[in-house]
Amino acid sequence: MDSDANRDARGTHANPVPRPAGPPRMPAAPPRPPSAPPLPDGSAFLTWLRTPRPEAAPGVWRFGYRPRPDQEPELIPGRQLLSGAVIAFLVGWLIWSLLWNGYLGGWWLLPLYAMIPDSWVDPHSFTAVIVVYAYYTLVAGTIMVGVGRLGRWGEIWRRYGPPAWRPRTAPAAERPPAPEEDPAAWPELRAAGAADAAERLAAEARTGLMRDVDHARITRAWQGVRTGRHSLATFTGAVLKDGAAACPHPSGARDLPTRQARHDLVTGQVRLGTTADDPRNPYAYRGTGLALGPELLGTSLLAVGPAGSGKTGTLVRPLAESLCLHALAGRAAVVVVGAAGAGISPADAYDVVVRIGNPDSVYDLDLYGGTGDPDEAAAVLAEALVGDLADPHPGNDSRRSTTVLAQLLGPFRAVHGRFPSVPELRQLLDGAPGPLAELRKALQQAGQDSLLRELDARERQLAHPGDVAGVLADRVALLDRPAFAGFFDTSGQSRPFSLKALDHPVRVRVDLPERGHADASRILARLVLAQFTASVAVREDRSLFACLVLDDATGVVTPEAVRGIQRLRSGNAGAVLTLRTLDDVPRPLRGPLLGATGCRMALAGLTPWDGQDFAEVWGKEWTEARDVTDRQIIADSPAGKAWHAVRRVITGKAATARAVTVRQVERERWSASDLAHAMPPGHAVLSLTSVRGEHAPPLLVDLRDERV
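Be aware that the sequence shown starts at -18, since it is given in the working numbering, and climbs by one per residue.
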C-alpha cells in the first residue's frame, strides 16, 4: 500500500511519484551486498521512541515529562530550616547527656532490667555488656529519630544532599522493555497477525533506517487498516516491500529539508518554549515545556503582539513546520499564508507554492475556489471583496454583494462553461453595455429564460443609486493590475490551485504581494480564509486535520469570517491568526473573535487597550489577599517607655505590633496593566482550550527558552 487514495494530493505537485502495480512479497530484512558499509545505529531513534510520554494538562510538553503536584508544597526558608535542625540536634544532645550522666535518674533503664535475666546484670559479663550497649543504641536512635523529625532533617537531605545533586532528567532505561510493551516492536501489528510486517519495521528501527516521520506515517496507515479503509494484506505487502518507506506521502518526501523547532510526532506536539516559574502560573505548569498540537489548534488560535514581538519566528514558523510534518505523515493538510519574503519557512518544505504577482510562480490561485456552483462562488468572492465593508450587525452583511455576483456568474458560466476572468468580471460589474449585450444574446440563443431574468434584474439594479456593483467593481480593479495579469486565469491555461484539495495531506504556501499591493493582499487573504472555511465544511474525510496559518490577519476578520472560524472545530480543522493589534479588528467583532478562538496569546509589548480585551475574556479568579498593618505600641510604665526609647535609638524605628488579615477577593487573572507593563520581553501569556473541552488558564511563557 503506497498511500491512501483518499489522501493523495492529485494535481498539486509538479512531479508525481510513480506507483508500482502491486507489492511483491519480500523478506523481513532487506538484502545487503557483501561490500556494503555497516548500517547506522538506531539507538537514538529507539531511545526517542521509548521515552515516556505521560498524560498531562493541555499545553504541557509530554516528551519525558515528569508530573508535579497540582498545589505547591509549603516551602520553608533555608535559614529557618537549618536553624531549626541545629536547635533540634542540640536538644537531642542535651537529653542524651542528661540521661547518660544520670541527672534524670535511672528510670530509663527499668525496661532493660525488666527484660533481661538476673544473671546478665553482672557488669563483668560479656553478654550483659552487649545487651546494655544495644539498649543504649536503641534509646539514642529513638532520640535521634524524634529530633530528626522535629528538625526536618529529611527535608535538608533532599534539598541540599546528594538527591539534589543528581540531574532532574528521567534516567534512560537500562534494557529494552518486553516486546509486548515496546513501541519499537509494533505489538499492535503482532496482535493483529501481521508479525512479518512488525519484524521488518522493528529491524528498520534497530538499524537506524526509520525516522519519526516514518513511524507517524505508518501508524496513520495502520489506523486506516483498523477503521476498514485499507486491507491488512495490502498494508502488510507494502511494509514488507518498502519497510520504513512504506505508505509514502504523494510527494515522496520522508522529512523536511530543515527543522528549526523541537517536534514529537508521537504526541503530535511542537515545543514553543517553557512556562515561567512565576507565582501567577499554576504550580503544576511551572518550569514545564509549553507545546501545541492538533488537539489545541483544532479550537483555533489568535496571537496579538506588535511588530518584532516574535509572532512569526516563535509561533508561526514552528507551527507551520509542525503541520508540514503532520502532512508528510498523512495526518494533516496545511495552508500557510503570508507576505512574500516574510521567512515563514522554505519553499521546498511545501508541495504547492503560490507566489501571487511573481511571474515565476508555477501555480495560480483559483479565484472561485474550484467550485462549479455560481451561488457558492458568489458567496466566497463577495466575502473576499467587500467582507470588510459589511456592517457587523446582524441582517446587514454581504448578502447583497453575493446576489449581485450570482446574477452575473450564473449566466456567464451557462454561456462559456467557465467563470469570468478578472477583466471580464470587472466589465460586467461596471455595467458595460457591450459585454452585457453579448451575454444577453448568448442566453437567448441557448433558451436560458431563468438566467435571462437574472440578467434583467441586474440591469434594472444598475440604475439604482444604492447598487453595490460599483463597490465590487472598484475592489475587482485592485486585482486587475499588470502585476496580476498572468494570475486568476479561468481559461485553463494556468495551473490554478484550489482549496478543494484539503481532502488530501497537501502542504500549501501562498505568498501575498504586500509590497505595493496591500489592499489586494487583504482581498486575497480574505479569499483564502473564505475558501478554507467553505471547503473544510464539505470534506468527506474529516479524519485529516486541516489548518490555515495566516501570518497577518489585518483587514481579514469579518462577521462571516468569525462565523466560519466558529464552525471549524466541528470539521476537525482550525486556524492560526496573528495581529499586530486588536485595533485592526472592528470594535464590534473583537469580543466575538476572542470568543471564537479557543487559544489566545498576548505577546510582550501589548498596548493597555488591547490588554483590556484579553483581561475581560480571561475573566477573574478568587485569590487570597493578605493585608498587613503595623500599629505603634504605646508603653504605660516608665520602664516600658525607657525600653522603647532605647530600642528607637538602636533601630531607628518605633516599637510596632504587626496585624495580618487574610481574606478571599476576586481579581483579574491578568490585568491590562500587567499585560502591557509587567510582561518581560520574549514572553507571552497564553490560554488554551482543547477540542475535548479541557482548559488551561492564562500562562506566562518564555518563548526564548529552548531547554531540553
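Here a beta-carbon is modelled for each residue, glycine too, at the ideal position from N, C-alpha and C.
Using the rule of at least 16 other Cβ atoms within 10 Å of the residue's Cβ for burial, across every protein chain shown, is residue i buried or exposed?
i, result
"Val643", "exposed"
"Gln241", "exposed"
"Ser281", "buried"
"Trp203", "buried"
"Ala454", "buried"
"Thr208", "exposed"
"Glu53", "exposed"
"Leu79", "exposed"
"Pro33", "exposed"
"Arg198", "buried"
"Ser290", "buried"
"Pro144", "exposed"
Secondary structure at residue i, three-state DSSP: helix, strand or coil?
i, result
"Val247", "coil"
"Gly572", "helix"
"Glu36", "coil"
"Gly351", "coil"
"Trp167", "coil"
"Met125", "helix"
"Glu521", "coil"
"Phe526", "strand"
"Ser78", "helix"
"Leu667", "strand"
"Gly674", "coil"
"Ala464", "helix"
"Phe44", "coil"
"Trp599", "helix"
"Phe400", "coil"
"Cys228", "coil"
"Val702", "Coverage of the chain is limited to positions -18 through 689, which leaves residue 702 absent and any answer about it impossible."
"Phe478", "strand"
"Leu62", "helix"
"Glu561", "Reading off the sequence, residue 561 comes out as Arg, not Glu. Arg561 falls in the coil class under three-state DSSP."
"Arg394", "helix"
I need the straight-line Cα distance from residue i to residue j, nearest angstrom please.
i, j, result
"Ala173", "Arg456", "59 Å"
"Ser326", "Leu493", "14 Å"
"Val67", "Gly129", "10 Å"
"Phe44", "Cys228", "26 Å"
"Val317", "Gly473", "25 Å"
"Trp651", "Gln61", "33 Å"
"Gly40", "Ala438", "55 Å"
"Leu584", "Ala272", "16 Å"
"Ala308", "Ala499", "30 Å"
"Gly322", "Val509", "19 Å"
"Val566", "Val538", "6 Å"
"Ala515", "Val333", "20 Å"
"Ala257", "Gly319", "30 Å"
"Ser382", "Ala506", "18 Å"
"Val449", "Gly428", "29 Å"
"Ala9", "Val220", "Note that Ala9 has pLDDT 35, beneath the 50 cutoff, so the model's placement of it is unreliable and no number is given."
"Leu304", "Thr604", "39 Å"
"Val682", "Asp655", "14 Å"
"Asp594", "Glu36", "32 Å"
"Pro299", "Arg243", "8 Å"
"Ser671", "Val557", "14 Å"
"Gly391", "Gln408", "16 Å"
"Gly122", "Ile137", "19 Å"
Just to confirm before moving on: does the CB-CB distance between residue i and residue j stay below 8 Å?
i, j, result
"Arg639", "Asp611", "yes"
"Asp591", "Val297", "no"
"Arg571", "Thr535", "no"
"Thr293", "Gly324", "yes"
"Pro416", "Ala387", "no"
"Arg550", "Gly279", "yes"
"Ala226", "His485", "no"
"Cys580", "Leu277", "yes"
"Pro260", "Ala330", "no"
"Val598", "Leu575", "yes"
"Ser668", "Pro678", "yes"
"Gln547", "Ala518", "no"
If residue i sits next to residue j, beta carbons under 8 Å apart, how far is it from one beta carbon to the other, in whole angstroms?
i, j, result
"Ala365", "Arg490", "That belief does not hold up - the Cβ atoms of Ala365 and Arg490 are roughly 19 Å apart, past 8 Å."
"Pro477", "Asp470", "7 Å"
"Leu420", "Leu410", "Not quite, the Cβ-Cβ distance comes to about 13 Å (not below 8 Å), so this is no contact."
"Leu433", "Gln425", "7 Å"
Kindly say whether residue i, judged by its beta-carbon, lies nearer than 8 Å to any beta-carbon of chain C.
i, result
"Pro287", "Here chain C cannot be found, since the structure has a single protein chain."
Is there at least one non-hydrogen atom of the ligand FAD closer than 7 Å to the beta-carbon of residue i?
i, result
"Arg252", "Absence of the ligand FAD is noted for the structure shown, with no ligands found whatsoever."
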